[in-house]
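This report refers to the structure that appears directly beneath it.
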DNA sequence: ATCTTTTCACCTAGGTGAAAACGT
DNA sequence: ACGTTTTCACCTAGGTGAAAAGAT
């Protein structure tokens with residue numbers, strides 16, 4: 007899905023938020039390698055504001071303009087991957103897909119959806135938490151997880167699409183929107199959406215690349231703090 | 007689903023087999039208790055002939071008659087639950103449903119479906135296999151599994167329903183056949199289909215009851231041979 | 001005759017953007 | 001104006017028995 011995320015990102019990705027909750031498209035999914043097969047891990051996601059701004063879309067110039075300071079932040083939630091907790095062997099077996107995650111603008115949502123402010127910009131984050139079976143594991147909580155951010159997955163939360171080119175790319179690439187297609191199924195051909203994983207040597211222990219994401223090497227003893235905002 | 011299985015069994019359950027594969031209705035599902043949470047288990051099903059006979063349906067008397075010796079047995083297959091192998095903790099967490107299992111009469115099937123002879127009677131069996139991590143575990147293969155049969159899940163394989171009352175009960179109880187309903191949704195009311203699990207004290211280590219099935223106590227050291235026909 | 005295969009309308013279950021209605 | 005909510009036709013994906021057609 008990496009190529010598709012990048013296509014959207016170039017236009018300025020928008021994600022619909024609704025009262026009842028709307029899935030993301032593209033779906034956030036990661037491929038994981040190198041986990042301890044028998045250790046348990048919890049996989050989860052959250053969304054952090056990219057900045058402290060509220061935006062509006064200028065149709066005449068087809069661009070996003072700052073429209074003031076951010077509204078009061080929506081209650082921050084974590085989305086646990088529904089298979090959590092599970093042993094590393096299971097996570098590593100195949101692509102992990104967050105396709106049950108839904109976005110809402112309902113501040114009072116009680117369906118466990120992710121609450122976002124419309125017209126605000128967000129960065130999805132992905133967290134891997136090692137389930138430490140030792141006594142007093144809470145003492146190690148600060149080092150038993152790590153966090154990944156993939157810049158190409160940033161998006162603007164909206165209640166209706168603003169940029170018409172985003173709408174067209176959604177229609178062209180989301181199978182569920184096939185009813186709105188007028189031309190060929192995929193603008194760049196379907197091969198672009200499932201290109202194989204590849205890796206970047208980032209140095210140190212963490213070598214990962216968005217597929218959205220290919221993550222390697224998360225041994226239980228070597229987990230590192232990558233975000234001090236993170237808590238469970 | 008136990009009450010529903012029993013309703014069908016009283017009429018003489020029939021299951022459709024098709025070339026491309028047909029799901030069972032009711033679905034075979036079990037509730038499991040007492041597994042070693044960290045040990046891995048494989049869960050699977052197979053189908054054994056109830057007898058060595060071929061049947062035909064006498065419409066005038068609305069009954070099944072023996073129509074000779076059984077045809078040559080279809081190639082015997084195992085259906086692995088798609089989550090296998092998985093730790094006991096996961097199996098115990100919720101009802102295990104074999105809803106992806108499909109029945110076919112195609113002797114050359116290459117989709118992994120269960121091959122049955124039409125007009126023959128079958129008994130579904132359920133197997134729990136402990137994945138023994140020790141070296142030379144094959145020496146213990148004979149005792150690392152156990153087998154459960156629930157008589158009320160027996161059925162006749164057919165290519166078209168014979169007993170009209172079976173057809174009516176399928177239409178009345180299978181949501182996917184709602185298009186053929188003329189009267190009320192459920193003949194006995196929906197409450198009958200999801201009655202809570204209950205247990206029979208059978209004695210010894212094995213206490214189980216069909217929900218189709220509630221199974222308790224399958225510790226790795228106490229697995230017992232329940233069928234000498236079983237092999238992997 | 002008796003059984004099997006194929007096709008099909010009709011469902012379940014639920015994800016799309018369009019458009020109209022609604023707020024403010 | 002501008003943003004939100006609701007409704008809806010139209011999809012994806014696939015499980016039903018009925019009925020017609022086919023096979024032996």
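Residue numbers (my numbering), protein chains in the order written: chain A, 7 to 238; chain B, 7 to 238.
Think of the CB as a built atom: it goes at the ideal place given N, C-alpha and C, for glycine as much as any other residue.
Segment contact, 8 Å Cβ cut-off, at least three pairs: the segment 12 to 19 of chain A with the segment 145 to 155 of chain A: Not touching, per the Cβ criterion.
Cβ separation of residue 102/A and residue 48/A, assumed to be a contact under 8 Å, to the nearest whole Å: Along the first chain, one-based indexing puts residue 102/A at 96. Along the first chain, one-based indexing puts residue 48/A at 42. Your pair residue 102/A and residue 48/A does not check out as a contact, with CB atoms roughly 12 Å apart and the cut at 8 Å.
Residue 113/A versus residue 121/A - alpha carbon distance: Counting from 1 along the first chain, the entry for residue 113/A is found at position 107. Counting from 1 along the first chain, the entry for residue 121/A is found at position 115. Pairing residue 113/A with residue 121/A, the inter-Cα distance amounts to about 6 Å.
Separation of residue 172/B from residue 50/B, as counted between CA atoms: Translated into the one-based positions of the second chain, residue 50/B becomes position 44. Translated into the one-based positions of the second chain, residue 172/B becomes position 166. Roughly 27 Å separates the two Cα atoms.
Beta-carbon proximity check, residue 272/B vs residue 131/B, cutoff 8 Å: The structure shown has nothing for residue 272/B, since chain B only spans 7 to 238.
Exposure label - residue 5/B; buried when at least 16 CB within 10 Å: Absent from the structure is residue 5/B, since the part of chain B shown begins at 7 and ends at 238.
8 Å Cβ cut-off: residues of chain B touching residue 93/A: Indexing the first chain from 1 puts residue 93/A at position 87. Going along chain B in sequence order, the residues near residue 93/A (Cβ under 8 Å) are 93.
Which residues DSSP lists as bridging residue 28/A, in chain order: The residue you call residue 28/A lines up with position 22 of the first chain. For residue 28/A, which the question treats as bridged, DSSP gives the partners 109/A.
DSSP beta-bridge partners of residue 153/B: Taking the first residue of the second chain as position 1, residue 153/B is located at position 147. 133/B, per the DSSP bridge assignment.
Inter-residue spacing [alpha-carbon to alpha-carbon] between residue 38/B and residue 69/A: Here residue 38/B corresponds to residue number 32 of the second chain, with the count starting at 1. Here residue 69/A corresponds to residue number 63 of the first chain, with the count starting at 1. Rounded to whole angstroms, the separation of the alpha carbons of residue 69/A and residue 38/B is 57 Å.
Test item: CB-CB of residue 125/A and residue 62/A under 8 Å: As a working note, residue 125/A is residue 119 in the first chain. As a working note, residue 62/A is residue 56 in the first chain. Yes, these two residues count as a Cβ contact at 8 Å.
Top-ranked residue by Cα proximity to residue 109/B, from 26/B, 7/B, 93/B: Mapped onto the second chain, residue 109/B falls at position 103. Nearest option by C-alpha distance: 26/B.
Three-state class that DSSP yields for residue 45/A in the structure shown: By 1-based counting over the first chain, the position of residue 45/A is 39. Looking at residue 45/A - three-state DSSP - the assignment turns out to be coil, as it is neither helix nor strand.
The segment 181 to 191 of chain A / the segment 68 to 83 of chain A touching (three or more Cβ pairs under 8 Å): Counting C-beta pairs with one atom in each stretch, the segment 181 to 191 of chain A and the segment 68 to 83 of chain A have fewer than three that are closer than 8 Å, which means they do not touch.
Residue 56/A - DSSP class collapsed to helix/strand/coil: The residue labelled residue 56/A in the question sits at position 50 within the first chain. DSSP, read as helix, strand or coil, puts residue 56/A in coil.
Beta carbon of residue 127/B nearer than 8 Å to that of residue 75/B: In the second chain, the residue the question calls residue 127/B occupies position 121. In the second chain, the residue the question calls residue 75/B occupies position 69. Cβ distance not < 8 Å, so residue 127/B and residue 75/B don't count as in contact.
Whole-number beta carbon distance between residue 43/B and residue 95/B, since they are thought to touch under 8 Å: Walking along the second chain from the start, residue 95/B turns up at place 89. Walking along the second chain from the start, residue 43/B turns up at place 37. Their Cβ separation, rounded to whole angstroms, is 4 Å, which keeps residue 95/B and residue 43/B in contact under 8 Å.
Residues of its chain near residue 177/A, where Cβ-Cβ distance is below 7 Å and the 5 sequence neighbours each way are ignored: Position 171 of the first chain, counted from the start, is the residue given in the question as residue 177/A. For residue 177/A, where only same-chain residues beyond five positions count, the Cβ hits under 7 Å are 183, 186, 187.
Beta-carbon separation (whole angstroms), residue 164/B vs residue 20/B, contact threshold 8 Å: Residue mapping note: residue 164/B aligns to position 158 of the second chain, counting from 1. Residue mapping note: residue 20/B aligns to position 14 of the second chain, counting from 1. Taking 8 Å as the upper bound for CB-CB distance, residue 164/B and residue 20/B are in contact here, some 5 Å apart.
Same chain, Cβ closer than 6 Å to residue 73/B, neighbours up to 5 away in sequence not counted: Position 67 of the second chain, counted from the start, is the residue given in the question as residue 73/B. These residues qualify, in order along the chain: 60, 61, 62.
N-terminal and C-terminal residue of the alpha helix (DSSP H) that residue 94/A is part of: Translated into positions along the first chain, residue 94/A becomes position 88. Per DSSP, residue 94/A belongs to the alpha helix (DSSP H) from 94 to 99.
Rounded distance between the beta-carbons of residue 93/A and residue 106/A, thought under 8 Å: For the purposes of this step, residue 106/A is identified with residue 100 of the first chain, where counting begins at 1. For the purposes of this step, residue 93/A is identified with residue 87 of the first chain, where counting begins at 1. Contact annotation, residue 106/A with residue 93/A: C-beta distance approximately 20 Å; criterion of less than 8 Å not satisfied.
DSSP-derived helix/strand/coil call for residue 65/B: Numbered from 1 along the second chain, position 59 holds the residue referred to as residue 65/B. Taken through DSSP and simplified to helix, strand or coil, residue 65/B comes out as coil.
Range covered by the alpha helix (DSSP H) that runs through residue 160/A: In the first chain, residue 160/A corresponds to position 154, counting from 1. Here residue 160/A belongs to no alpha helix (DSSP H), and DSSP marks it neither H nor E.
Enclosing alpha helix (DSSP H) for residue 83/A [first to last residue]: Taking the first chain and counting its residues from 1, the one referred to as residue 83/A is at position 77. Where residue 83/A is concerned, there is no enclosing alpha helix (DSSP H), given that its DSSP letter is neither H nor E.
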